[in-house]
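Here the structure is laid out as structure tokens; the discussion comes afterwards.
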Amino acid sequence: MTPQNQHSSDLISFVQNQVLDDHFASLRYAGIIQKALMPDPEILKGFFKDSFVLFLPRDIVSGDFYYVLRIRQYLCIAAGDCTGHGVPGALLSILGISFLNDILQGRIDPKANRVLNMMREKIMKALHQTGEKAETKDSIDIGLCIADCDSGKLQYSGANRPLIMIRNGELTEFKPDKMTLGLAPLREQPFTNQIIETLPGDKFYLFSDGFADQFGELTDKKFKHKHLKRVISSVSEFKMAKQKDVLQSTFLEWKGNTQQIDDVLIFGFQL
Amino acid sequence: MMKLTAFRIKNFRSIVDTGWQNFSPDNITCLIGQNESGKTSVLEGLKVFYTGIISEDVLRSDLSLPEVSCRFIIPEGWLIKVTDNPGTELKELLSSLSHIELTRVWIADLSSEIVVSGEISQYLDSLEDAWRLYLGDVTSKLDQEIHQINEMEKVLSELTKEELEIKAKLPGGDTRGLGFRLFARKPAGQVSSQSAQYPILKNRLNEIKKNKEELSGELRGKQALKKTGEIWKKLKDKYSSLDNHLTELSVKLEERHQKMTLLMRPVDDDDDLEWKGILDDYRKTRSERDIQKAELDRHIALSGYIMNGSTEEEAGPKVNEIIQSYKSQYNSEILGKKFFEYCPVFELFEDFGSLLPNRIDMEDIITGNDQVEGYKAARNFLSIAQLDYSFFQQPSSRILKQKIENLNHTLTRNFQDFWQQSIGRNNKIHIQFELDHYSAAYGQKAGKPYLEFWIKDEGERLYPKQRSRGVRWFLSFYMELKASANINKQMVLLVDEPGVSLHARAQEDVLKVFEDIKDKIQVIYTTHSPHLVEINKLHRVLAVQRDDLDSLRSTTRILDPLRLSSASPDTLSPLQSILGNPVSGEGFSSRKFNLIVNDTGSFYILNAIIHLMGFKGKVSVIPSTNISSIPLMCNILMGWGLEFSVLLFENDKEIKIGDLLKETVFKTDSNRRDLIVKMPEKFFNSEDLLSTLDFKNHILKTREGITVANSEYIREKEIPRNFMFSRFLTDVKDEVIKLSDFDEESFENFKLVIDIFKGLK
């Protein structure tokens, strides 16, 4: 390699690194913005008796997002999981947050399933999904709860994301509709609304599929939803902060040195 | 001078009795109704009121003879001017009248006469009644007198008979020959007994003689009366015989009518000859009977004076006097005939005869063969051109051609003016007619003249029938109007189905023309086209329908504007098509609660909801064609006394209409539930009653994301609302879409709608 060539190569390497640095810098900034769009865990303390958010993005920005909004006596809680991860997922998650704000802030008497119905419309429209052409298949899976703090009733509607409730140490899983927010192979059907009469001490968990889908270093198998439920059940007696710690360490242990395959989000709360 | 204001038709085709029906005071009356309802019969009834010409096929199955009456408004004092020497009482009556009624009555031979009816005829009838009463009194007295004379004659005859008997019993009948009787006398006892009777018999004989003398004297005094009675009897018998014969002939005529009505075609020639004989006999007998009746009446009056002792010579002038005092010089027929001279001309404009033909034989025009197609149009044409047959006998063909060319030019220019001014069209239509003769190829017609018509437009020369129906109709109608102007009389134009074959815009042009001419010509037309009814001029509408809507044998009924609400939905379909577009079987109802909604789309959606929810309540959803028609509909329904509410959605237009209704229609600030029903704010229009998802799945049938209200989406995308919603309703009715296919959001909204419907009272 001639000195001239060497110089050129260095220059290219420099430029490439410079470009990468710029990319990372802008991603990091995007990550900051994304986090800013989600409520600070400290703020959540004002909404719940107790709560935790285990939020482990695979990359700098995440396709998972969580959402809390208080409108009069209603507390709206959601955990979303956008298709993919990284930048595409993050962009979609921002859309999701924006749509949730848009829909919920105009509602007098919000119904969880109707919020999801509307959100699906908005996503399909935003992504120009009509089912007629080869459009993007991006979508959001989400679990949405709307708690009426006056009546103690909790509405739940889920797009592929379940809700887990622990009552007196016993786990109940509320199954979601097997539909996503976005274009799906089958024609859109209405989401169902499940109403839960909450009791003091009830604990609820919304989560993305990142935890359960994570391959273990030792087993090379997915953690699986069943095991996640078992873990949640086992830690449910703890304070929320402790639950988060246990769940996080469980995840990290399971993952070991393998690559995190997806963003991880678990949102636990006690009303 | 005489303006037609009302009519009444009896026993004409499907009509038994329309009762008095008023025409619209603004000179345009519209008869609406289904096919076969009797609309055209009304026009024909009015036409024959004018012409008097009917055929058997207008008779009803019971063969009752038709009677058509028309009421006219007349200027004050006009009747006096046209009636010479009416006499004090009649003059007083005529000067007080502001209207007259004329009735055309037909008799068994289907000839007719116009009589004045109404108040004038009542007065004349009262005079006639008094005359009849007088004659009745005289007749009764005369009868008694004749009876008395007969009795006296009978008594006289009996007395004569008794006298003869007594004379026979007396010897010799008198003292002469007494010696002979004594000579032959019977034994003493016997003789004395017979002789004893003689004085009694003699006395009786004297009494009889006296009575006879008295009776004979009296009968001599009644000799003139007796003669009168004999003449009376003869006249009466003759009159009765004529009357009976007339009744027999009437029966035969009825049989003929029956036969014609059943055959629906003319009978054969032999029958026709017989018929002609009967008809002649009927007319002759009728005339003779009337003369006989007048003679009989006069004789009765004469008898009255003779009974009072006048001689025949003395009684004659007295009879004339009393007839004059009891009977006006006018009767219903005379006055009817007189007033009818001033009656407007009734012209029927219909497609067959009134539309300009391609060609017509001169012979048909000259002979007045109105059975030939386009006869009337051709006649109108000649009338406008002020031509008669002599025009075509112009020996110089060059002059004739020049004259025809000039006429074509004038007619064209006049029609173009009309076409532009009344219809607002600018295309240059040229009218041309030509006189030609049939060639040898036409056999019997060879050499005969005919008229041929052409309409040229932008260089294209076409026969009238090759032109659009609109141009042909308007041209023919224009000629009708122009021809009527030549008549120099008022005109009532009867137009049958003017819009039947015209495009919607052309139909609206027809209305424009009617408006244009209404100050000069009264127009009465039939239609079932919504484009020929002006919704803000409902006072012009008369609804015609059958008593039993499903039976063509039932009678025709006419409903005036205030009773339109009781007309069937089908009859009112032109009105409802303007106000809204009813789906079959739906419409204004007096048995259901009428719920006015903004448009047809909402009508479909709400009916789909009613169907889905199985709602059986008595609510009839009435769509308005557009929101601005709602106040008008409310006015109409209020006028008809129907129960209704207006369902308003939450959009700017309907909010404004709600305010307008409160201010100007209901005149109340309160949102009375029974007048305005406001939908909750989230429903901008009826499609918002469906969730977005259901709207997409069941109406749009697309998967596109919709983030705005359904109504806004429809507006933005300019989607054919009525078509989509109509299809939706059909799917619901066909159970392609069921209630279980809807989400809970839609269901909740449907429930809300049904709760609103349940609350309607």
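Chains A and U, in that order, are what the protein sequence lines are.
Per the numbering used here: the first sequence = residues 1 to 271.
Per the numbering used here: the second sequence = residues 1 to 761.
Where is the CB? At the ideal position from N, CA and C, for every residue including glycine.
Starting from residue 30/U, trace the beta strand (DSSP E) both ways and give me its first and last residue. For the purposes of this step, residue 30/U is taken as the residue at position 30 of the second sequence. Here the beta strand (DSSP E) through residue 30/U covers 28-32.
For the region 235-254 of chain U against the region 281-289 of chain U, do three or more pairs of beta-carbon atoms, one drawn from each stretch, fall closer than 8 Å, so that the two count as touching? yes
Which of the three DSSP states, helix, strand or coil, is assigned to residue 632/U? Taking the first residue of the second sequence as position 1, residue 632/U is located at position 632. The answer is helix: DSSP assigns residue 632/U an H, G or I state.
Presumed contact (8 Å Cβ cut-off) between residue 361/U and residue 450/U, rounded CB distance: Position 361 of the second sequence holds residue 361/U. Position 450 of the second sequence holds residue 450/U. That pair is a contact at about 5 Å.
Would you call residue 11/U buried or exposed, if buried means 16 or more other Cβ atoms sit within 10 Å of its Cβ? The residue you call residue 11/U lines up with position 11 of the second sequence. That one is buried.
Under 9 Å, CB to CB, which of the residues in the region 115-132 of chain A have a partner in chain U? 117, 118, 120, 121, 122, 123, 124, 125, 126, 127, 128, 129, 130, 131, 132
Work out the CA separation of residue 607/U and residue 542/U for me, nearest whole Å. As a working note, residue 542/U is residue 542 in the second sequence. As a working note, residue 607/U is residue 607 in the second sequence. Near 30 Å, if we compare the C-alpha coordinates of residue 607/U and residue 542/U.
Could you tell me whether the Cβ atoms of residue 145/A and residue 60/A are closer together than 9 Å? Along the first sequence, one-based indexing puts residue 145/A at 145. Along the first sequence, one-based indexing puts residue 60/A at 60. Cβ atoms of residue 145/A and residue 60/A: not closer than 9 Å.
According to DSSP, residues forming a beta bridge with residue 8/U: Taking the second sequence and counting its residues from 1, the one referred to as residue 8/U is at position 8. In the DSSP output, where bridge partners are listed per residue, residue 8/U has 69/U.
Exposed unless 16 or more other CB atoms sit within 10 angstroms - verdict on residue 380/U: Working through the second sequence from its first residue, we reach residue 380/U at position 380. Buried is the call here.
Just to confirm my understanding: we take residue 650/U, look at its own chain, exclude 5 residues before and 5 after, and list those with CB closer than 8 Å. What are they? As a first step, residue 650/U is located in the second sequence; it is residue number 650 there, counting from the start. So the qualifying residues of the chain are 678, 679, 680, 681, 682, 683, 684.
Report all residues from its chain with a CB closer than 8 Å to the CB of residue 183/U; omit the five preceding and five following residues, and keep chain order. In the second sequence, residue 183/U corresponds to position 183, counting from 1. Residue confidence is low: residue 183/U scores 46 on pLDDT, short of 50, so the model does not pin down where it sits. Its coordinate-derived value is still stated next. So the list is empty, once near-sequence residues are dropped.
Under 9 Å, Cβ to Cβ, is there at least one residue of chain U near residue 176/A? Translated into positions along the first sequence, residue 176/A becomes position 176. Chain U contact via Cβ: absent.
Given this structure, state the Cα-to-Cα distance separating residue 146/U from residue 545/U, to the nearest angstrom. Here residue 146/U refers to the residue found at position 146 of the second sequence. Here residue 545/U refers to the residue found at position 545 of the second sequence. C-alpha separation (whole angstroms): 59 Å.
Using beta carbons (cut-off 9 Å, strictly below), is residue 744/U in contact with chain A? The residue given as residue 744/U occupies position 744 in the second sequence. Closer than 9 Å: yes.
Which runs of the beta strand (DSSP E) spanning at least 3 residues fall entirely within the region 93-178 of chain A, listed in chain order? 139-148, 153-159, 163-167, 170-174
Residue 328/U and residue 124/U closer than 9 Å at C-beta: Counting from one through the second sequence, the residue named residue 328/U turns up at place 328. Counting from one through the second sequence, the residue named residue 124/U turns up at place 124. For residue 328/U and residue 124/U, yes; Cβs fall inside 9 Å.
Using 9 Å as the limit for Cβ to Cβ distance, is residue 705/U near chain A? By 1-based counting over the second sequence, the position of residue 705/U is 705. For residue 705/U, the answer is yes, since a Cβ of chain A falls inside 9 Å of its Cβ.
Where residue 614/U sits in the DSSP three-state scheme: Taking the second sequence and counting its residues from 1, one reaches residue 614/U at position 614. In the structure shown, residue 614/U sits in coil (DSSP, three-state: anything other than H, G, I, E or B).
Report the three-state DSSP secondary structure of residue 217/U (helix, strand or coil). Start at 1 with the first residue of the second sequence, and residue 217/U comes out as number 217. Helix.
Are there 16 or more other CB atoms within 10 angstroms of the CB of residue 154/U, so buried, or fewer, so exposed? As a working note, residue 154/U is residue 154 in the second sequence. Residue 154/U is exposed by the Cβ-count criterion.
Shorter than 9 Å from the beta carbon of residue 568/U to some beta carbon of chain A? Looking up residue 568/U in the second sequence gives position 568. Judged by the 9 Å Cβ criterion, residue 568/U is not in contact with chain A.
Stretch-stretch touch, CB-based, cutoff 8 Å, three pairs: the region 701-709 of chain U with the region 194-205 of chain A: no
Between the region 429-442 of chain U and the region 484-503 of chain U, are three or more C-beta pairs nearer than 8 Å? no
Nearest neighbour of residue 494/U, chosen from 238/U, 141/U, 281/U, 526/U [CA to CA]: Locating residue 494/U in the second sequence gives position 494, where the first residue counts as 1. Of the listed residues, the one whose Cα sits closest to residue 494/U is 526/U.
Between the region 178-206 of chain A and chain U, which residues of the former have a C-beta closer than 8 Å to a C-beta of the latter? 183, 187, 188, 189, 190, 193
Candidates 496/U, 168/U, 690/U, of which the one nearest residue 348/U by Cα: Sequence index remark: in the second sequence, residue 348/U carries index 348 (1-based). When each option's Cα is compared against that of residue 348/U, the closest is 496/U.
Does the count of Cβ pairs from the region 162-170 of chain U and the region 196-205 of chain U closer than 8 Å reach three? yes
Contact check, residue 116/A vs residue 181/A under 8 Å by CB: the rounded distance? Indexing the first sequence from 1 puts residue 116/A at position 116. Indexing the first sequence from 1 puts residue 181/A at position 181. Right, their Cβ atoms sit about 6 Å apart.
Evaluate residue 184/A with the Cβ neighbour count: other Cβ atoms within 10 Å of its Cβ, from every protein chain shown; 16 or more gives buried, anything less gives exposed. Taking the first sequence and counting its residues from 1, one reaches residue 184/A at position 184. The residue is buried, with at least 16 neighbouring Cβ atoms inside 10 Å.
Less than 7 Å between C-beta atoms, sequence neighbours within five positions excluded: which residues of the same chain meet that for residue 382/U? As a working mapping, residue 382/U is identified with position 382 in the second sequence. Closer than 7 Å at the Cβ level, and outside the excluded window around residue 382/U, lie 365.
Measuring straight from C-alpha to C-alpha, what distance separates residue 840/U and residue 26/U? Past the edges of chain U, shown from 1 to 761, lies residue 840/U, and the structure says nothing about it.
So who's on the other strand from residue 546/U, going by DSSP bridges? Taking the first residue of the second sequence as 1, we reach residue 546/U at position 546. According to DSSP, which records beta bridges pairwise, residue 546/U is partnered with 556/U.
Inter-stretch contact at 8 Å, needing at least 3 Cβ pairs: the region 159-168 of chain A / the region 2-18 of chain U: no
In whole angstroms, what separates the C-alpha of residue 616/U from that of residue 732/U? Counted from its first residue, the second sequence places residue 616/U at position 616. Counted from its first residue, the second sequence places residue 732/U at position 732. When rounded, the distance between both Cα atoms is 16 Å.
Decide if residue 638/U is buried, meaning its Cβ has at least 16 other Cβ atoms within 10 Å, or exposed. Position 638 of the second sequence holds residue 638/U. Exposed.
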